[in-house]
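Below is one structure, written out as structure tokens; the observations come after it.
Numbering (my numbering), first residue to last: 26 to 510.
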């Protein structure tokens, strides 16, 4: 028998990585990360919570749309059904108030927005397109005065997608002509726009067997997504004549912009990709087990949003079962600068997200599946519910894997982790055994008798307090028992 030198397991640089053998798993990676993140490089921190804005808007109904109208009359807009109709609300001095002219719309339809000429344009594919200045009554903005949009020109060509690009407004998602991209006239010097939908359109990949699912402007292009393809439209410069990019998206809500490109979920092939101007690149291998567990019936419900710093992309994927473990209301979170993934879980699905200027700073706002609009990464709970967390490390080997080692004394290092419990698992056992409870910055555990060829650890608990910062483990006393046949 030989005593082992003190060993420290003190860095968590690589976040959560799945489907990799322990031998190849990077030293700074973990296999499970629930409601923790790795933004403090090398350390693990409990995520912040969500905080309700005003009061619940519509009990037990999911958010159908969320938009920040930034302009002369800046407003935060949200769309919910009441079981009979859908209504568009705005945050009026602390109260969610229905917008006159945007009430009693067809229920349960996804609602999309774009901002153009100081107004929010609202479409859902069934009701007429309307616009709102952030005050007064929404209407179709008819006329030739400044900022008129003449949306009545599109009444016979109702669309479910809308985007502003190069001084025009574009629409798509018409059920009669699902491959057609309509565009307005260029904004005049007044400025105002008009439409001639009988002639001002272009068909996108009409023979590719797929319909337009999303529009997103990026750099010099208007990106036109279909379920299996991505086209680049450049106005007078034309559009990709053939589907050069064979990775599309199932819905508008699955496409978001981050600080290094356009990030989107694809259902065929399943994954999350980043587009920067060439072929999209898959970035989601570390969480592929979660993505491949999404039921196909949920593909069109997957939605993404960015955090206020632009460095974090989040995708709501609903309920999944991974490795026999059930996860509810999952959000996959990617840090662009460090290329690290983690997994969040919430009391309700986060169906929409947007960046909102609350007059103090820019914050991320989310709409959930239970009628709530909340600030994201705010507070110590999820709208009053404790945050449950779990971290499972990689397996640690204290020498050759064939050797048996015993850890008799160890420590856990963590700021503000009082109340968290530490467990261990050895070799191929499925049982988790207790090490103890973390009670202070350095908690020392004696007589642990952790005996085996390899071991890994689990930190878990529930929190309503200041987020902890877990800094790792140290094996203070360990003995090598050699090769035991």
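Where a beta carbon is used, it is the ideal one built from N, C-alpha and C, also for glycine.
Note that this is a predicted model, so its numbers are computed, not measured.
Would you identify the three-state DSSP class for residue 312, choosing helix, strand or coil?
helix
If you draw a straight line from the alpha carbon of residue 308 to that of residue 272, how long is it in whole angstroms?
13 Å
Ignore the nearest five residues each way along the sequence and tell me which others in residue 413's own chain have a CB closer than 6 Å to its CB.
487
Identity of the residue in 474, 444, 396 nearest residue 84 by Cα
396
Where the beta strand (DSSP E) containing residue 475 begins and where it ends
467 to 477
Under a three-way DSSP split, which group does residue 279 fall into?
helix
Option in 289, 122, 60, 45 with minimal Cα separation from residue 484
60
3 or more residues per run - each beta strand (DSSP E) lying fully within the segment 164 to 229:
186 to 190, 193 to 197, 205 to 208, 226 to 228
Report, in whole angstroms, the separation of the C-beta atoms of residue 407 and residue 75, which I expect to be a contact under 8 Å.
5 Å
Quick one: what's got a C-beta closer than 6 Å to residue 252's C-beta in the same chain, skipping five residues either side?
235, 238, 273, 275
Report the residue from 415, 507, 440 whose alpha carbon sits nearest the alpha carbon of residue 41.
415
Hey, is the segment 418 to 436 in contact with the segment 108 to 124, meaning 3+ C-beta pairs nearer than 8 Å?
no
Could you say which of 120, 128, 95 lies nearest to residue 106 if we only look at CA atoms?
128
Local conformation of residue 330 per DSSP, three classes
strand
For residue 138, name the three-state secondary structure that DSSP assigns.
strand
Are the beta-carbon atoms of residue 473 and residue 449 separated by less than 9 Å?
yes
Per DSSP, residue 246 is paired with what?
243
My guess is that residue 391 and residue 377 are in contact by the Cβ rule of under 8 Å, so how many angstroms apart are they, rounded?
7 Å
I'd like the list of long-range same chain contacts for residue 418, defined as Cβ closer than 6 Å, with 5 residues on each side in sequence excluded.
55, 481, 482
How would you label residue 211, buried or exposed, when you count the other beta carbons within 10 angstroms and need 16 or more for buried?
exposed
Identify every residue that forms a DSSP beta bridge with residue 100.
94
I'd like to know whether the C-beta atoms of residue 360 and residue 37 end up nearer to each other than 9 Å.
no
Which of the three DSSP states is assigned to residue 323 in this structure?
helix
Counting C-beta neighbours from all protein chains within 10 Å, is the total for residue 223 16 or more, i.e. buried, or is it exposed?
exposed
In terms of alpha-carbon separation, which member of 303, 317, 298, 321 lies closest to residue 329?
298
Just reading off the beta strand (DSSP E) that residue 500 is part of, what are its end residues?
494 to 507
At what residues does the beta strand (DSSP E) containing residue 54 begin and finish?
54 to 59
Taking Cβ positions, are residue 277 and residue 135 nearer each other than 9 Å?
yes
Span of the beta strand (DSSP E), counted from its first residue to its last, around residue 487
480 to 488
By DSSP, does residue 40 sit in helix, in strand, or in coil?
strand
In chain order, which continuous runs of the beta strand (DSSP E) of length 3 or greater are located wholly inside the segment 385 to 465?
387 to 393, 398 to 401, 412 to 418, 429 to 440, 446 to 451, 458 to 462
Please check the pair residue 501 and residue 434, which I expect to be a contact at CB under 8 Å, by giving their CB distance rounded to whole angstroms.
4 Å
Rounding to the nearest angstrom, what Cα-Cα distance links residue 423 and residue 30 in this structure?
10 Å
What does the alpha-carbon distance come out to for the pair residue 216 and residue 142?
8 Å
What residue from 505, 509, 326 has the CA that sits closest to residue 27's CA?
505
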